[in-house]
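Residues in the sequence shown are numbered consecutively from 1366, following the working numbering.
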Amino acid sequence: MPSVAIIGAGISGLTAAYELKKAGWQVRILESSDRIGGAIQSQLDKGFLIEGGPNTMMVHSQETLDFLVEIGLEDTILEPNSTSNKRFIVRNGKPQAIPMSPLSAITTPLFSPAGKLRLLGDVFVRKSNNLVEESVAAFVSRRVGPEFLDYAINPFVGGIFAGDPKRLSLQHAFPRMAALEKEHGSLILGAIAKMRSKRAAKKAGTPSFKPRMLSFQNGMHMLPTALEKKLSENITRGVELKEIKKSNQWNLSWSYKDGYENDHFDHVIVTAPAFKIEKLPLPAQLKKDLSVLSEIPHPPVSSLYLGYRREQVKHPLDGFGVLIPEVEKRKVLGALFSSSLFENRAPEGHVGLTVFIGGSRQPDLAKKPKETLTEIAHNDLKNLLDLSGAPQFVKHTYWPQAIPQYTLGYDRYLNAIAQAEKEFSELHFIGNYRNGISVAQCLENGRKCGIEIADSIGR
């Protein structure tokens, strides 16, 4: 029976393990902490359901949805309330709904008349033939102008990456946006072409999969918990790796609370965060070659869950949340209307907000104590959401190294990983620093890795 050691029990590692176990492999998952799920942390406290990490999951394929059903989550899947389609961005101190139709795009106060004309001018901008890597900010400014960058893309990047569009690589952070220009010569023409393609497919009886945002009844942690149930006998927690050595096979040794073990494996999958890979006891030259991964920026982020009585919040909270552009000069990146997104996220008569502070924009703020951050969050949102009185409930989660930033020059990191995998064909690296940061992307990449390894034995 072929064997595999998987370092890390986050979503990437658990899904790879699941596919390999299903294929008949001997699987051992080695997790350094006492819990599984990586950044996914759900907690019920005084009737509030708090997500310390990812709050939702965007499913882009039927295969991923089928996988959730396969692992037993079908009856627990929650889709957002209908009001969550609305999203707000702050301009001139007021939350403005993002236009969702052609008419609202014309009438919205989010963009000035000049900004709207510049946006339409995208169809006349020639696509770039420049071979130099382009930042997200440079691309957006070139195609649709600085106003759209400031009041759409900047807050959007802050919400997804907690990042700075001037530093992020378009090619790596938003490859679909880059593809629209490459394939259609324009963002607008590309979007129109995609809409026509979807209509044609629907008319032909082969409708494309419509992306679905979802969570689960008891929070996002139900996803890793469902996988844990399938893999409980394969997981060892509290592991400190002592050696990862290559001979005919991979030889690993580790200590944990019950003692010390060593074993040999045909394959090793590393799913540790990029900044932890250098600390693994890998072969000396490999360790040196991969030390560059520790340079991937991971700015700190603080997440605050604020619970209020419903009467304390005059804003209807009729949307997904509010994002705050950097030009608005506030300290908060944005806030999710957590209790509006899904049912049973706050006690009766209460509402919950999940607020994000720090990231690339103001990294030092994320390190402030809970009391200071609570004051910052409340003061920043007080006028935006018409809050009165202090929050009744506060939960703080601090991520000292939060989301990997797909910065300009990111090929340097990817090439180091690819070279390591080429040199050691039975060694694999997956995680949110490669091929996407979202929960769904980590799930899909983990499954793909597991399936490809299993298939390689039959070749």
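Ideal Cβ positions, reconstructed from N, Cα and C, are used throughout, including at glycine.
Per the DSSP calculation, residue i is bridged to which residue(s)?
| i | result |
| --- | --- |
| Gln1677 | Answer is none; Gln1677 lacks a bridge partner. |
| Glu1608 | Ser1618 |
| Val1424 | Arg1577 |
| Ile1600 | Ile1394 |
| Ser1447 | Note: Ser1447 sits in no beta bridge, so no partner. |
| Glu1416 | Ser1407 |
| Lys1459 | Arg1456 |
| Ser1668 | Phe1721 and Thr1762 |
| Asp1628 | Leu1617 |
| His1715 | Arg1674 |
| Ile1371 | Ile1394 and Ile1634 |
| Ile1442 | Phe1581 |
| Leu1792 | Val1633 |
| Gly1699 | Leu1688 and Phe1721 |
| Thr1473 | Paired residue(s): none; Thr1473 is not in a bridge. |
| Ser1500 | Ser1534 |
| Thr1772 | Leu1533 |
Beta-carbon separation of residue i and residue j under 9 Å?
| i | j | result |
| --- | --- | --- |
| Glu1626 | Asn1616 | no |
| Met1585 | Glu1809 | no |
| Lys1760 | Leu1669 | yes |
| Gly1717 | Phe1758 | yes |
| Arg1726 | Leu1698 | yes |
| Glu1593 | Ile1401 | yes |
| Val1522 | Pro1511 | no |
| Ile1768 | Gly1528 | yes |
| Gly1555 | Phe1721 | no |
| Leu1535 | Phe1526 | no |
| Tyr1383 | Arg1812 | yes |
| Pro1665 | Pro1765 | yes |
| Cys1814 | Ala1388 | no |
| Phe1453 | Gly1672 | no |
| Thr1762 | Gly1403 | no |
| Leu1579 | Leu1606 | no |
Please return the same chain residues whose Cβ sits closer than 6 Å to the Cβ of residue i, not counting the five positions on each side in sequence.
| i | result |
| --- | --- |
| His1632 | Val1369, Glu1791 and Ile1818 |
| His1680 | Leu1750 and Asp1751 |
| Ser1573 | Lys1563 and Ala1566 |
| Gly1412 | Pro1712 |
| Gly1373 | Thr1636 and Ala1637 |
| Ala1543 | Leu1535 and Gln1536 |
Taking buried to mean at least 16 other C-beta atoms within 10 Å of its own C-beta, is residue i buried or exposed?
| i | result |
| --- | --- |
| Leu1485 | exposed |
| Arg1508 | buried |
| Asp1745 | buried |
| His1715 | buried |
| Pro1474 | exposed |
| Pro1756 | buried |
| Ile1394 | buried |
| Ile1471 | exposed |
| Lys1386 | buried |
| Ile1405 | buried |
| His1629 | exposed |
| Thr1719 | buried |
| Ser1477 | exposed |
| Glu1546 | buried |
| Pro1576 | exposed |
| Ser1407 | buried |
| Lys1481 | buried |
| Ala1785 | buried |
| Val1455 | buried |
Apart from the five residues just before and just after residue i, which ones in its own chain have a Cβ nearer than 8 Å to its Cβ?
| i | result |
| --- | --- |
| Leu1658 | Ala1639, Phe1640, Ile1642, Glu1643, Tyr1778, Ala1781, Ile1782 and Tyr1798 |
| Asn1748 | Gly1458 |
| Gly1684 | Thr1448, Ser1449, Asn1450, Lys1451, Arg1452, Phe1453, Ala1462, Phe1702 and Ser1705 |
| Glu1788 | Leu1651 |
Which same chain residues, not among the five before or five after residue i, have their C-beta less than 7 Å away from its C-beta?
| i | result |
| --- | --- |
| His1537 | Tyr1771 and Tyr1775 |
| Val1604 | Leu1395, Glu1396, Ser1397, Trp1619 and Tyr1621 |
| Arg1824 | Low confidence applies to Arg1824: its pLDDT is 47, below 50, so where it sits in the model is not reliable enough to give any reading. |
| Val1501 | Ile1518, Val1522, Pro1530, Leu1533, Leu1535, Ala1538 and Phe1539 |
| Lys1595 | Tyr1383 and Ile1436 |
| Lys1696 | Ile1722, Gln1727, Leu1730, Ile1741 and Asp1745 |
| Gln1677 | Leu1752, Ser1753 and Gly1754 |
| Ser1803 | Met1423 |
Strictly under 9 Å for the Cβ-Cβ distance: is residue i near chain C by that measure?
| i | result |
| --- | --- |
| Ser1466 | This model lacks chain C altogether, as it is built from one protein chain only. |
The region 1788 to 1804 in contact with the region 1635 to 1643 per 3-pair CB rule at 8 Å:
yes
Three or more C-beta pairs closer than 8 Å, one from the region 1439 to 1455 and one from the region 1729 to 1738: is that the case here?
no
Is the region 1499 to 1519 in contact with the region 1681 to 1697, if contact means three or more CB pairs nearer than 8 Å?
yes
The region 1698 to 1708 touching the region 1463 to 1477, judged by at least three CB pairs closer than 8 Å
no
Would the region 1374 to 1386 and the region 1539 to 1556 be scored as touching if the rule is three or more Cβ pairs under 8 Å?
no
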